[in-house]
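Asker: Structure below; questions to follow.
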Amino acid sequence: MIRAIAFLFTTLIAAVAFVGIQLKQLQATQISISEPTLYQVKAGTGVNAMCRTFKANGWIIDCFWLKVYAKINPQLVELKQGMYLIESQPLLSLISKMSKGRDHQFAFTIVEGSTFKQVLASFKDAPYLELVSEQSLRTTLSMWGINQTNPEGWFYPDTYHYSAGDSQLDILNRAYEKMANTLDIAWQTRDTSVPLKSKYDALILASIIEKESGHNAERDLIASVFINRLHKGMRLQTDPTVIYGLGDEYQGDIKKEHLKRHTDYNTYRINGLPPTPIAMPSEQAIYATLNPRYSDFYYFVASGDGKHHFSKTLAEHNAAVRKYILKK
Numbered sequence: 528m529i530r531a532i533a534f535l536f537t538t539l540i541a542a543v544a545f546v547g548i549q550l551k552q553l554q555a556t557q558i559s560i561s562e563p564t565l566y567q568v569k570a571g572t573g574v575n576a577m578c579r580t581f582k583a584n585g586w587i588i589d590c591f592w593l594k595v596y597a598k599i600n601p602q603l604v605e606l607k608q609g610m611y612l613i614e615s616q617p618l619l620s621l622i623s624k625m626s627k628g629r630d631h632q633f634a635f636t637i638v639e640g641s642t643f644k645q646v647l648a649s650f651k652d653a654p655y656l657e658l659v660s661e662q663s664l665r666t667t668l669s670m671w672g673i674n675q676t677n678p679e680g681w682f683y684p685d686t687y688h689y690s691a692g693d694s695q696l697d698i699l700n701r702a703y704e705k706m707a708n709t710l711d712i713a714w715q716t717r718d719t720s721v722p723l724k725s726k727y728d729a730l731i732l733a734s735i736i737e738k739e740s741g742h743n744a745e746r747d748l749i750a751s752v753f754i755n756r757l758h759k760g761m762r763l764q765t766d767p768t769v770i771y772g773l774g775d776e777y778q779g780d781i782k783k784e785h786l787k788r789h790t791d792y793n794t795y796r797i798n799g800l801p802p803t804p805i806a807m808p809s810e811q812a813i814y815a816t817l818n819p820r821y822s823d824f825y826y827f828v829a830s831g832d833g834k835h836h837f838s839k840t841l842a843e844h845n846a847a848v849r850k851y852i853l854k855k
């Protein structure tokens with residue numbers, strides 16, 4: 528009897544030790560996959576069903592010890608709904624990530640200088656992002672107090688991360704709040720001599736500066752040209768506003784007839800600022816607008832190296848045009 532009990536006890540210890548060894552090996556089990564793959568955990572998906580899929584795909588060899596682990600630690604294998612990136616990694620590490628809901632984050636970028644139309648087009652290429660109807664979009668813009676026809680300028684250029692199934696409105700809301708906050712702070716620290724009546728005026732001019740130059744070091748100088756012109760009552764005469772006003776008609780080349788045509792955005796024909804921004808300005812462009820460098824410049828022309836040549840008088844400007852544009 529004693530021998531039988533001793534045998535059973537020894538067997539039990541051996542069994543427990545064996546299980547312990549197998550579970551320890553489970554901790555070292557790696558997912559074997561040739562390239563990262565997205566896997567969707569749907570509502571109600573359990574670890575056993577997931578394991579069967581992984582085994583069928585050849586990512587793991589067996590599910591038995593994972594089932595044992597799940598029985599012992601049910602609270603650690605409650606998978607959260609979401610899209611997860613499966614790559615070569617420890618199996619239990621992935622399950623831990625799934626149980627905590629740390630799903631894969633997709634990235635969407637609003638590019639500096641882009642238009643709202645371009646942003647909407649980019650949304651169509653964003654994977655697993657929920658798009659809304661045009662009516663829903665218009666309603667939301669109206670709720671935010673944004674011009675529904677020309678909502679340019681209000682969405683901060685940046686990279687935004689989202690989970691599968693998130694709405695494009697989630698991204699737009701974050702971008703709008705970030706732009707509004709940035710504009711508020713910049714307005715509070717502005718040079719009060721700048722002849723802009725509102726934060727929206729600043730957004731308009733910043734969008735023009737954004738389109739005029741991608742070179743941060745000269746943006747405050749470009750801003751000074753436009754500010755000087757506004758002080759003098761001179762027209763801004765900036766090509767990017769003309770291009771925006773042409774819409775789809777613009778095919779890469781501004782013609783004289785375009786400059787002569789009267790549109791709300793042709794700053795060769797209208798006084799002051801156009802009615803709305805023409806693009807999404809960067810934070811640097813906003814701060815350059817509200818804190819321009821002091822200068823006596825009223826003109827600038829592209830110098831061919833990504834930068835600009837600045838002039839004080841029309842005669843100097845015409846000479847620069849002959850040099851850099853006409854190559855005379």
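This note's numbering puts the first residue of the sequence shown at 528, with every later residue one more than the last.
Positions of the beta carbon are idealized from the N, C-alpha and C atoms, including for glycine.
For residue 635, I'd like the list of residues in its chain whose CB is within less than 6 Å of its CB, leaving aside the five on either flank, ordered along the chain.
Answerer: 653, 687, 698
Asker: Checking 9 Å against the spacing of the C-beta atoms, do residue 749 and residue 815 come in under that value?
Answerer: yes
Asker: If you count every other CB in all the chains shown that lies within 10 Å of the CB of residue 510, and 16 or more means buried, which is it?
Answerer: For the chain, the structure presents residues 528 to 855; residue 510 sits outside this window and is missing.
Asker: From residue 621 to residue 587, what distance separates their C-alpha atoms?
Answerer: Inter-residue distance for residue 621 and residue 587 is about 13 Å (C-alpha atoms, whole angstroms).
Asker: Going by CA-CA distance only, name the one from 837, 632, 643, 773 that's closest to residue 656.
Answerer: 632
Asker: Residue 684 and residue 649: beta carbons closer than 9 Å?
Answerer: no
Asker: When you compare each of 829, 679, 760 to residue 805 by their alpha carbons, which one comes out closest?
Answerer: 679
Asker: My assumption, with CB atoms under 8 Å, is that residue 837 sits in contact with residue 821. Please give the rounded CB distance.
Answerer: Not really, about 13 Å apart at Cβ, beyond 8 Å.
Asker: Distance check for residue 743 and residue 723, CA to CA, integer angstroms please.
Answerer: If I take the Cα positions, the gap works out to 21 Å.
Asker: Excluding the 5 residues flanking residue 812 on each side, which residues of the same chain have their C-beta closer than 7 Å to its C-beta?
Answerer: Within the same chain, and ignoring the five residues on either side of residue 812 in sequence, the residues whose Cβ sits closer than 7 Å to its Cβ are 733, 736, 737, 746.
Asker: What's the C-alpha gap between residue 539 and residue 589?
Answerer: Its pLDDT being 49, under 50, residue 539 is placed unreliably by the model, and nothing is read from it.
Asker: Expressed to the nearest angstrom, what Euclidean distance is found between the alpha-carbon atoms of residue 774 and residue 752?
Answerer: Those two C-alpha atoms are separated by around 26 Å.
Asker: Terminal residues of the continuous beta strand (DSSP E) containing residue 837?
Answerer: 835-838
Asker: Report the residue from 693, 609, 729, 569 whose alpha carbon sits nearest the alpha carbon of residue 803.
Answerer: 729
Asker: Run through DSSP, which three-state label would residue 789 get?
Answerer: coil
Asker: With DSSP collapsed to three states, give me the class of residue 657.
Answerer: strand
Asker: Return the CA-CA distance between residue 534 and residue 608, expressed in angstroms with no decimal places.
Answerer: Bear in mind that the predicted position of residue 534 carries a pLDDT of just 47, short of 50, making it unreliable; the figure below should be weighed with that in mind. When only Cα atoms are considered, residue 534 and residue 608 end up about 47 Å apart.
Asker: Could you give the distance in angstroms between the alpha-carbon of residue 832 and the alpha-carbon of residue 768?
Answerer: 22 Å
Asker: Within its chain, find whatever has a CB closer than 7 Å to the CB of residue 545; leave out the 5 residues flanking it on each side and keep chain order.
Answerer: The predicted model places residue 545 with a pLDDT of 46, which falls under 50 and marks its position as unreliable; any figure quoted below should be read in that light. None.
Asker: Would you check if the distance between the CB atom of residue 682 and the CB atom of residue 637 is smaller than 9 Å?
Answerer: yes
Asker: Run through the stretch 562-640 for me and flag every whole alpha helix (DSSP H) of 4 or more residues, listed as ranges in chain order.
Answerer: 574-583, 591-599, 618-626
Asker: Can you check which of these residues, 848, 599, 613, is closest to residue 562 by C-alpha distance?
Answerer: Ranked by Cα distance from residue 562, the options 848, 599, 613 are led by 613.
Asker: According to DSSP, is residue 828 helix, strand or coil?
Answerer: strand
Asker: For a quick check, are the C-beta atoms of residue 570 and residue 630 less than 9 Å apart?
Answerer: The answer is no: Cβ separation not under 9 Å.
Asker: Give the straight-line distance between the Cα atoms of residue 795 and residue 670, rounded to the nearest whole angstrom.
Answerer: Rounded to whole angstroms, the gap between the alpha carbons of residue 795 and residue 670 is 34 Å.
Asker: Is it buried or exposed for residue 772, if we count other Cβ within 10 angstroms and need 16 for buried?
Answerer: buried
Asker: The beta strand (DSSP E) that contains residue 688, what's its start and end?
Answerer: 686-689
Asker: Answer yes or no: do residue 619 and residue 577 have a C-beta to C-beta separation smaller than 9 Å?
Answerer: no
Asker: Per DSSP, residue 491 is paired with what?
Answerer: Not covered by the structure: residue 491. The range shown for the chain is 528 to 855.
Asker: What residue range does the alpha helix (DSSP H) around residue 813 cover?
Answerer: 810-817
Asker: With a CB to CB cut of under 6 Å and the five nearest residues on each side skipped, what residues in its chain are close to residue 776?
Answerer: Beyond the five residues adjoining it in sequence on each side, residue 776 comes within less than 6 Å, by CB distance, of no other residue in the same chain.
Asker: At which residues does the alpha helix (DSSP H) containing residue 708 begin and terminate?
Answerer: 695-715
Asker: How many Å lie between residue 706 and residue 818 at the Cα?
Answerer: 17 Å
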